[in-house]
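Sequence lines, in order, name chains S and U.
Under UniProt numbering, the letters of the first sequence match residues 1 to 300, in that order.
Under UniProt numbering, the letters of the second sequence match residues 1 to 300, in that order.
The C-beta atom is built at its ideal place from N, Cα and C for all residues, glycine as well.
For clarity, every value in this text was computed on a predicted model and none was experimentally measured.
Number of protein chains: 2
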Amino acid sequence: MIYTVTLNPSLDYVMHLDQMNAHCVNRSNKEEIYPGGKGINVSIVLNNLRIPNKALGFIAGFTGKEIENVMKQLGGDTDFILLDRGISRINVKLEADKETEINGMGPQITPSDLKDLYIKLEQIEEGDFLVLAGSIPKSVPDSIYKDIMKMLANKNINVVVDATKDLLLNVLQYKPFLIKPNHIELAEMFNVTLNSDDDIVTYARKLQEMGAQNVLISMGGDGSILITNEGEVVKISVPEGTVINTVGSGDSMVAGFIAGYLKTKDLKQALKFATATGSATAFSTWLATSDKIDDLLSKL
Amino acid sequence: MIYTVTLNPSLDYVMHLDQMNAHCVNRSNKEEIYPGGKGINVSIVLNNLRIPNKALGFIAGFTGKEIENVMKQLGGDTDFILLDRGISRINVKLEADKETEINGMGPQITPSDLKDLYIKLEQIEEGDFLVLAGSIPKSVPDSIYKDIMKMLANKNINVVVDATKDLLLNVLQYKPFLIKPNHIELAEMFNVTLNSDDDIVTYARKLQEMGAQNVLISMGGDGSILITNEGEVVKISVPEGTVINTVGSGDSMVAGFIAGYLKTKDLKQALKFATATGSATAFSTWLATSDKIDDLLSKL
Numbered sequence: 001m002i003y004t005v006t007l008n009p010s011l012d013y014v015m016h017l018d019q020m021n022a023h024c025v026n027r028s029n030k031e032e033i034y035p036g037g038k039g040i041n042v043s044i045v046l047n048n049l050r051i052p053n054k055a056l057g058f059i060a061g062f063t064g065k066e067i068e069n070v071m072k073q074l075g076g077d078t079d080f081i082l083l084d085r086g087i088s089r090i091n092v093k094l095e096a097d098k099e100t101e102i103n104g105m106g107p108q109i110t111p112s113d114l115k116d117l118y119i120k121l122e123q124i125e126e127g128d129f130l131v132l133a134g135s136i137p138k139s140v141p142d143s144i145y146k147d148i149m150k151m152l153a154n155k156n157i158n159v160v161v162d163a164t165k166d167l168l169l170n171v172l173q174y175k176p177f178l179i180k181p182n183h184i185e186l187a188e189m190f191n192v193t194l195n196s197d198d199d200i201v202t203y204a205r206k207l208q209e210m211g212a213q214n215v216l217i218s219m220g221g222d223g224s225i226l227i228t229n230e231g232e233v234v235k236i237s238v239p240e241g242t243v244i245n246t247v248g249s250g251d252s253m254v255a256g257f258i259a260g261y262l263k264t265k266d267l268k269q270a271l272k273f274a275t276a277t278g279s280a281t282a283f284s285t286w287l288a289t290s291d292k293i294d295d296l297l298s299k300l
Numbered sequence: 001m002i003y004t005v006t007l008n009p010s011l012d013y014v015m016h017l018d019q020m021n022a023h024c025v026n027r028s029n030k031e032e033i034y035p036g037g038k039g040i041n042v043s044i045v046l047n048n049l050r051i052p053n054k055a056l057g058f059i060a061g062f063t064g065k066e067i068e069n070v071m072k073q074l075g076g077d078t079d080f081i082l083l084d085r086g087i088s089r090i091n092v093k094l095e096a097d098k099e100t101e102i103n104g105m106g107p108q109i110t111p112s113d114l115k116d117l118y119i120k121l122e123q124i125e126e127g128d129f130l131v132l133a134g135s136i137p138k139s140v141p142d143s144i145y146k147d148i149m150k151m152l153a154n155k156n157i158n159v160v161v162d163a164t165k166d167l168l169l170n171v172l173q174y175k176p177f178l179i180k181p182n183h184i185e186l187a188e189m190f191n192v193t194l195n196s197d198d199d200i201v202t203y204a205r206k207l208q209e210m211g212a213q214n215v216l217i218s219m220g221g222d223g224s225i226l227i228t229n230e231g232e233v234v235k236i237s238v239p240e241g242t243v244i245n246t247v248g249s250g251d252s253m254v255a256g257f258i259a260g261y262l263k264t265k266d267l268k269q270a271l272k273f274a275t276a277t278g279s280a281t282a283f284s285t286w287l288a289t290s291d292k293i294d295d296l297l298s299k300l
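What follows is the structure in structure tokens.
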């Protein structure tokens, strides 16, 4: 089974405006609302691919229940912890000539809530996949991903961590199956400028030396570079297409990588599947569908 | 019974930010969410005063159901029409050093939905109050308030209309019990500058000549002027206090006026009650509570 964890899921409320003026009354002429959060995105793409998975994390209030409802309508399985206070945040995306975002805080998460999460995590079994993705709400200790991996360390679980900076560096000692920083995040982690693919490979290998099994460095329109657990370097380009929306594209790569790996047990095939899935999201208004992924896969 | 109609109810999502920057990613550090819409506000204040009333209008999706839930939790009665498409809009209020608002469109309302509303309106009986408040969604004909009043014309119902410009001018022929434009809206309707209370009375009387029974002109911190159905002019000042939030203050005046009138059958007492109620909202973070109204009433 694949498990995803999203500590602070959201509803993303997209409002389309002719113009966005701060400190004024603005009117939108169309609205959409989607569940959001990196782990949630991974789960939804896996659902679209009909790959069984379970979304874990904290939800609260009527917005939290809506996140759960939509996930289930999309054919997904969830095992969220429903907090008894607050509401899951609504992140506002204002689409005018340029984009403005306002992200909410979301509900407080207490140590007792975290204990409930640890109990849920005990259901994960040897050989399962666990995706830890996204930033950490203020009310949760920075060490949470490390703490989770430490707790599961002797279980032989394939953990995928999609996080940045210290949040990522701290977990490497527990040998995550896959990490997927982009090239900008990679440069930030080592406080360097990356001028070439060789530079990227050099620093990606450092992450591997620190413990990561497979290191996938995404580079947006420039494709991505995978350093496999056997030290092989594989570069792949993205298929041609018109970029509509990059939100969730990285999460889609994670979903695609796991899906491809489970199907073929081959890391290069997984990279191909990840690329098709990430691009399928970038070329769509929301997350990648199975048809779109198949279409792009045939072009790689 | 008192009925309120809100054609496009909302959830008002208040996000508190240190600073609001357009075309950037902003983060809020606190969020609140309230049901919104003028008729909804009138109903909530009546509920706070424990005055039976029923909220009518259109709701849609999980946000619409939440509006209904909260109204019921606040002790109110509702008889909304649940549309089978879209969601009731979320209006976003960004509170930084200055306020930015982004109001949504909300769901499409079809002629068949309007027919359902007319059927609901048939339950209103002689002597009841009906509050028609707020602007009209694009999908609804501009004549809706006039059409509703025409349909109910022979029933001797006390209709209160809180609307502006043509929306208000068009209904006057059906002799609404009360209209409540503010002094700025009054000036706009006649395309004039109002320099004194005498000017305001002159134009308020014109609205009365056009059909309105009682005309209440609110003037924010400068109090308000009532022209009664007997032609009497009554001016009242607002009580002292610190203004925290003017949203819903006008709607609270409407609720207070009806509550005071039902209690005393005296228009001057109704004006006093309206003033205390409007101010109670202005001096609160959300809508007026019964305690706050009583407190201010004792100071008038």
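Kindly indicate which three-state DSSP category residue i falls into: helix, strand or coil?
{"i": "Gly-37(S)", "result": "coil"}
{"i": "Thr-264(S)", "result": "helix"}
{"i": "Gly-221(U)", "result": "helix"}
{"i": "Arg-27(U)", "result": "strand"}
{"i": "Ile-136(U)", "result": "coil"}
{"i": "Phe-58(U)", "result": "strand"}
{"i": "Ile-293(U)", "result": "helix"}
{"i": "Ile-124(U)", "result": "coil"}
{"i": "Phe-129(S)", "result": "strand"}
When you compare each of the options to residue i by their alpha carbons, which one comes out closest?
{"i": "Ile-87(S)", "options": "Ser-252(U), Val-14(U), Glu-101(U) and Ile-102(U)", "result": "Val-14(U)"}
{"i": "Val-247(S)", "options": "Lys-138(S), Ile-258(S), Asp-199(S) and Asn-91(S)", "result": "Asn-91(S)"}
{"i": "Asp-116(S)", "options": "Arg-85(S), Asp-147(S), Gly-134(S) and Phe-80(S)", "result": "Phe-80(S)"}
{"i": "Thr-175(S)", "options": "Thr-193(S), Glu-188(S), Met-71(S) and Asn-154(S)", "result": "The sequence given here has Lys at residue 175(S), not Thr. Ranking Thr-193(S), Glu-188(S), Met-71(S) and Asn-154(S) by Cα distance to Lys-175(S) puts Asn-154(S) first."}
{"i": "Ala-187(S)", "options": "Val-159(S), Leu-178(S), Phe-177(S) and Met-219(S)", "result": "Met-219(S)"}
{"i": "Met-20(S)", "options": "Leu-94(U), Asp-12(U) and Gly-256(U)", "result": "Leu-94(U)"}
{"i": "Ser-249(U)", "options": "Ala-22(U), His-16(U) and Ile-44(U)", "result": "Ile-44(U)"}
{"i": "Val-215(S)", "options": "Gly-223(S), Asp-222(S), Leu-11(S) and Lys-206(S)", "result": "Lys-206(S)"}
{"i": "Gly-37(S)", "options": "Leu-11(S), Leu-226(S) and Glu-230(S)", "result": "Leu-11(S)"}
{"i": "Lys-72(U)", "options": "Leu-226(U), Asp-197(U), Ala-163(U) and Ile-40(U)", "result": "Ile-40(U)"}
{"i": "Thr-242(S)", "options": "Glu-230(S), Ile-51(S), Gly-221(S) and Ser-290(S)", "result": "Gly-221(S)"}
{"i": "Tyr-118(S)", "options": "Ile-148(S), Gly-231(S), Ser-135(S) and Val-238(S)", "result": "Ile-148(S)"}
{"i": "Thr-110(S)", "options": "Glu-240(S), Pro-141(S) and Ile-293(S)", "result": "Pro-141(S)"}
{"i": "Asp-113(U)", "options": "Lys-292(U), Leu-7(U), Val-192(U) and Glu-230(U)", "result": "Leu-7(U)"}
Inspect the beta-carbon positions of residue i and residue j and report whether they are closer than 8 Å.
{"i": "Leu-267(S)", "j": "Asn-48(S)", "result": "no"}
{"i": "Leu-296(S)", "j": "Ser-284(S)", "result": "no"}
{"i": "Tyr-145(U)", "j": "Val-131(U)", "result": "no"}
{"i": "Ile-102(S)", "j": "Asn-29(U)", "result": "no"}
{"i": "Pro-181(S)", "j": "Leu-168(S)", "result": "yes"}
{"i": "Gln-123(U)", "j": "Phe-177(U)", "result": "no"}
{"i": "Leu-300(S)", "j": "Thr-275(S)", "result": "yes"}
{"i": "Leu-172(U)", "j": "His-183(U)", "result": "no"}
Tell me which residues share the same chain as residue i and place their Cβ nearer than 8 Å to its Cβ, disregarding the 5 neighbours each side in the sequence.
{"i": "Ile-244(U)", "result": "Ala-282, Phe-283, Ser-284 and Thr-285"}
{"i": "Lys-120(U)", "result": "Leu-56, Asp-79 and Ile-81"}
{"i": "Val-138(S)", "result": "This sequence places Lys at residue 138(S); Val is not what is there. Result list for Lys-138(S): Met-105, in chain order."}
{"i": "Ile-59(S)", "result": "Pro-9, Lys-65, Ile-67, Glu-68, Phe-80, Ile-81, Leu-82, Leu-83 and Ser-88"}
{"i": "Lys-272(U)", "result": "Ile-236, Gly-260, Leu-297 and Leu-300"}
Taking the alpha helix (DSSP H) that residue i falls in, what are its first and last residues?
{"i": "Phe-80(S)", "result": "No alpha helix (DSSP H) contains Phe-80(S), which DSSP labels as neither H nor E."}
{"i": "Asn-69(U)", "result": "61-73"}
{"i": "Asp-162(U)", "result": "Segment 158-162 is the beta strand (DSSP E) holding Asp-162(U); no alpha helix (DSSP H) there."}
{"i": "Thr-4(S)", "result": "It is not in any alpha helix (DSSP H) - Thr-4(S) instead sits in the beta strand (DSSP E) that spans 2-6."}
{"i": "Glu-185(U)", "result": "183-190"}
{"i": "Glu-209(S)", "result": "197-209"}
For the beta strand (DSSP E) that residue i lies in, which residues bound it at each end?
{"i": "His-16(U)", "result": "10-16"}
{"i": "Lys-235(S)", "result": "233-236"}
{"i": "Leu-100(S)", "result": "The amino acid at residue 100(S) is misidentified as Leu; the sequence shows Thr. Segment 99-103, the beta strand (DSSP E) holding Thr-100(S)."}
{"i": "Leu-49(U)", "result": "Careful: Leu-49(U) lies outside any beta strand (DSSP E) and carries neither H nor E."}
{"i": "Ile-90(S)", "result": "89-95"}
Suppose the cutoff is 6 Å on Cβ atoms and the five residues either side in sequence are ignored; what does the same chain contact list for residue i look like?
{"i": "Tyr-261(U)", "result": "Ala-270"}
{"i": "Ile-157(S)", "result": "Ile-124, Asp-128 and Leu-130"}
{"i": "Val-70(S)", "result": "Pro-35"}
{"i": "Ala-96(U)", "result": "Leu-17, Gln-19 and Met-20"}
{"i": "Gln-108(U)", "result": "Ser-139"}
{"i": "Ile-293(S)", "result": "Ala-276, Thr-277 and Ala-280"}
{"i": "Thr-289(U)", "result": "Asn-48"}
Please return the same chain residues whose Cβ sits closer than 7 Å to the Cβ of residue i, not counting the five positions on each side in sequence.
{"i": "Glu-32(S)", "result": "Val-14"}
{"i": "Leu-46(U)", "result": "Ile-2, Asn-53, Ala-255 and Ala-259"}
{"i": "Val-42(S)", "result": "Thr-4, Val-131, Ala-133, Asp-251, Val-254 and Ala-255"}
{"i": "Phe-62(S)", "result": "Ile-87"}
{"i": "Val-238(S)", "result": "Gly-221, Gly-223, Thr-275 and Ser-279"}
{"i": "Lys-165(S)", "result": "Glu-188 and Met-189"}
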